[in-house]
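Participant:
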Ligand code: SAH
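In my numbering, the protein residues as written are 7 to 481.
#1: Please state the DSSP three-state secondary structure of residue 126.
#2: At what residue ranges does the segment 377-445 contain a whole run of the alpha helix (DSSP H), taking only runs of 4 or more?
#3: Under three-state DSSP, which class holds residue 464?
#4: Excluding the 5 residues flanking residue 380 on each side, which residues of the same chain have their C-beta closer than 6 Å to its C-beta?
#5: Please specify which runs of the beta strand (DSSP E), each continuous and at least 3 residues long, are wholly inside the segment 90-157, giving them in chain order.
#6: Please say whether residue 432 and residue 465 have beta carbons closer to each other than 7 Å?
#7: Please state the DSSP three-state secondary structure of residue 340.
#8: Measuring from each Cβ to the nearest heavy atom of the ligand SAH, keep the ones under 6 Å and list them in chain order.
#9: For residue 470, I'd like the list of residues in its chain whose CB is within less than 7 Å of its CB, leaving aside the five on either flank, ordered along the chain.
#10: Considering only residues of the same chain and omitting the five flanking positions on each side of residue 111, which have a CB-CB separation below 7 Å?
#11: Quick check on DSSP: helix, strand or coil for residue 449?
#12: Taking the continuous alpha helix (DSSP H) assigned at residue 226, which residues delimit it?
#13: From the DSSP output, in three-state form, read off residue 14 for me.
#14: Kindly give me the distance between the Cβ atoms of residue 233 and residue 52, rounded to whole angstroms, as I take these residues to be in contact under 8 Å.
#15: So what's residue 481 in DSSP terms, helix, strand or just coil?
#16: Return the chain-ordered list of same chain residues with a C-beta closer than 6 Å to the C-beta of residue 468, the five sequence neighbours on each side being excluded.
#17: Are the CB atoms of residue 71 and residue 47 nearer to each other than 7 Å?
#18: To which residues of the same chain is residue 213 closer than 7 Å at the C-beta, ignoring the five residues directly before and after it?
#19: Does the beta-carbon of residue 220 have 16 or more other beta-carbons within 10 angstroms, so that it is buried, or is it exposed?
#20: I'd like the ranges of any beta strand (DSSP E) spanning at least 3 consecutive residues and lying wholly in the segment 21-48.
#21: Determine the direct distance from the alpha carbon of residue 396 to that of residue 434, and round the result to whole angstroms.
#22: Have a look at residue 491 and residue 26 and give me their C-alpha separation to the nearest angstrom.
#23: Curious, which full-length beta strand (DSSP E) runs of at least 3 residues does the segment 223-305 contain?
#24: Going by DSSP, what residue range makes up the alpha helix (DSSP H) through residue 323?
#25: Taking the alpha helix (DSSP H) that residue 178 belongs to, which residues open and close that run?
#26: Excluding sequence positions up to five away, which residues of its chain have a Cβ less than 8 Å from the Cβ of residue 441?
#27: Measure how close the beta-carbons of residue 353 and residue 452 come, nearest whole angstrom, since I'm counting them as under 8 Å.
#28: Would the beta-carbon of residue 227 fall within 7 Å of that of residue 304?
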């Protein structure tokens, strides 16, 4: 290690910034946020820095840098963009044994500014010692995504109640159990909803009790359509909190790979010979069993958990059993498949309404498809002939454009474009398999122009063609 990590208490202490350009402006903002008494010396000053000076937040000297300006400083930043001045600042700081950061010059700097993830009062700082700032920034992005936003408010609450916690839990072990409970349970959930008083009440309640309540909970999480980049950040954090993950077969292995390594994973898809009701009962029993043992259970479903996923029934069951739950939405197949097939579900010239429907039963089809409507069908591919025939019977023209998106957002994505009257035959010819989603309506045709991902098949030309645009890499 060639740099010593350190957090400085700069509150009320003079810090000199030489320069008032864009880079200096960012440093000034950060220093002000940390409570430093900022003194700026610069020849040219950006308007935002002027505004701060006028508001009395900083002291501004417009003119040349002089070493004497360092006399009262605790810390120095050289951010002028002029190497000669920057060096003069660094030399003057060195002579006075002051730590000095020269922007973009690791050689001249005696102090480095890390990349940070700010969850004040919790701050994560990452440094590559000036060797590779890109690496530090990359790590920062990853950590930013992983660290719960409410963790700062939690740390502040725990600090505020520190003496009460010590008094109620004098033993270190008991205190640790309380902190762990606070980090994982309802206190954090309340802070996440921006309910600080509720969080405080929950904490007081727990402190008044001798033992910690068992606090199993279920997070009903949408995994999105398959591409790991389409999982939400909250979903990713949930996967990292999980003790147990109950997932459907539709959930991609790439998404599962993002979960905590030591989480117990249970595939709860339908097993041969079992009917849907029995499957659902088995899932309910598993949810209850693990939650009652105090575990954090993630119920992971493809797409969005409350769109054709029986998520609603699971919530009803949990509510009935008094188990705490949260719901993390996911990108549902309709939105993902449309986006990845270049099909705008609404378009000023073609459609203003979108209906999500399923083709599980004839009675589910959703009635007549109206003008200016895009209809999206979630379904088993085997029901396609019935669906197409039924829509034609209801009066939808056989020439209505359709797009059948197979494996949307996944590496093997194929989109079959056909007219309603030809679709079932074309789907058989191309052996389209589940999971596949059907988009019916004028907008479907736009995909032949706007496709950017996967393979596009055209029932009319009977030749597969790749989109003209270069293949984008799935997130
Ligand atoms: N809750 C899920 C839907 C579950 S129903 C969601 O919100 O997306 C299962 C149906 O969703 C499949 O039969 C298929 O029609 C559709 N589906 C899910 N993922 C898909 C994908 N990656 N590509 C195409 N269709 C998909």
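Note that beta-carbon positions come from the ideal geometry of N, C-alpha and C, so glycine has one too.
Bear in mind the structure is a predicted one, so any value in this text is a computation, not a measurement.
Facilitator: Considering the structure as presented:
#1: One-based indexing of the chain shown puts residue 126 at position 120. Reduced to three states, the DSSP call for residue 126 is coil.
#2: 390-399 and 426-435
#3: Start at 1 with the first residue of the chain shown, and residue 464 comes out as number 458. Of the three classes helix, strand and coil, the one that applies to residue 464 here is strand, per DSSP.
#4: The residue given as residue 380 occupies position 374 in the chain shown. So the list reads 351, 357, 360, 447 and 449, once near-sequence residues are dropped.
#5: Within the segment 90-157, the complete beta strand (DSSP E) runs of at least 3 residues are 105-108, 121-125 and 128-132.
#6: Numbered from 1 along the chain shown, position 459 holds the residue referred to as residue 465. Numbered from 1 along the chain shown, position 426 holds the residue referred to as residue 432. Contact flag set, yes.
#7: Counting from 1 along the chain shown, the entry for residue 340 is found at position 334. Note: residue 340 maps to helix in three-state DSSP.
#8: 231, 232, 256, 307, 308, 309, 310, 313, 314, 315, 338, 339, 343, 384, 385, 386, 411, 413, 414, 415, 416, 440, 441, 442 and 443
#9: The sequence position of residue 470 within the chain shown is 464, counting from 1. Confidence is the limiting factor: at residue 470 the pLDDT is only 49, short of 50, which leaves the residue's position unreliable and the question unanswerable from this model.
#10: As a first step, residue 111 must be located in the chain shown, where it is residue number 105. The answer, listed in chain order, is 92.
#11: In the chain shown, residue 449 corresponds to position 443, counting from 1. It is helical.
#12: Reading the chain shown from its first residue, position 220 is the one you call residue 226. Unbroken run through residue 226 is the beta strand (DSSP E), 223-228; no alpha helix (DSSP H).
#13: Counting from one through the chain shown, the residue named residue 14 turns up at place 8. Three-state DSSP puts residue 14 in coil, outside helix and strand.
#14: On the chain shown, position 227 is the one that residue 233 refers to. On the chain shown, position 46 is the one that residue 52 refers to. Wrong, their Cβ atoms sit about 41 Å apart, outside the cutoff.
#15: Translated into the one-based positions of the chain shown, residue 481 becomes position 475. Low local confidence applies: a pLDDT of 43 at residue 481 is under 50, so the model's placement there is unreliable, and no value is given.
#16: Your numbering for residue 468 matches position 462 in the chain shown. Since pLDDT at residue 468 reaches only 48, below the 50 mark, its modelled position is unreliable, and the value read off the structure follows with that caveat. Same-chain partners within the cutoff: there are none.
#17: Position 65 of the chain shown, counting from 1, holds the residue named residue 71. Position 41 of the chain shown, counting from 1, holds the residue named residue 47. In this structure, residue 47 lies closer than 7 Å to residue 71 by Cβ.
#18: As a working note, residue 213 is residue 207 in the chain shown. Short of 7 Å from the beta carbon of residue 213, and not among the five residues preceding or following it, lie these beta carbons of its own chain, in chain order: 170, 171 and 174.
#19: Numbered from 1 along the chain shown, position 214 holds the residue referred to as residue 220. Label assigned to residue 220: exposed.
#20: If we require 3 residues or more, the beta strand (DSSP E) runs fully inside the segment 21-48 come out as 43-48.
#21: Taking the chain shown and counting its residues from 1, one reaches residue 434 at position 428. Taking the chain shown and counting its residues from 1, one reaches residue 396 at position 390. So the alpha carbons of these two residues sit roughly 18 Å apart.
#22: Outside the modelled stretch of the chain, which goes from 7 to 481, sits residue 491, for which no answer is possible.
#23: 223-228, 250-253 and 270-273
#24: Here residue 323 corresponds to residue number 317 of the chain shown, with the count starting at 1. Segment 317-327, the alpha helix (DSSP H) holding residue 323.
#25: Taking the first residue of the chain shown as 1, we reach residue 178 at position 172. Segment 178-190, the alpha helix (DSSP H) holding residue 178.
#26: Looking up residue 441 in the chain shown gives position 435. For residue 441, where only same-chain residues beyond five positions count, the Cβ hits under 8 Å are 256, 308, 339, 412, 413 and 414.
#27: Locating residue 353 in the chain shown gives position 347, where the first residue counts as 1. Locating residue 452 in the chain shown gives position 446, where the first residue counts as 1. A Cβ-Cβ separation of about 7 Å places residue 353 in contact with residue 452 under the 8 Å criterion.
#28: Along the chain shown, read from residue 1 onward, the residue named residue 227 stands at position 221. Along the chain shown, read from residue 1 onward, the residue named residue 304 stands at position 298. Result yes, Cβ atoms of residue 227 and residue 304 sit closer than 7 Å.
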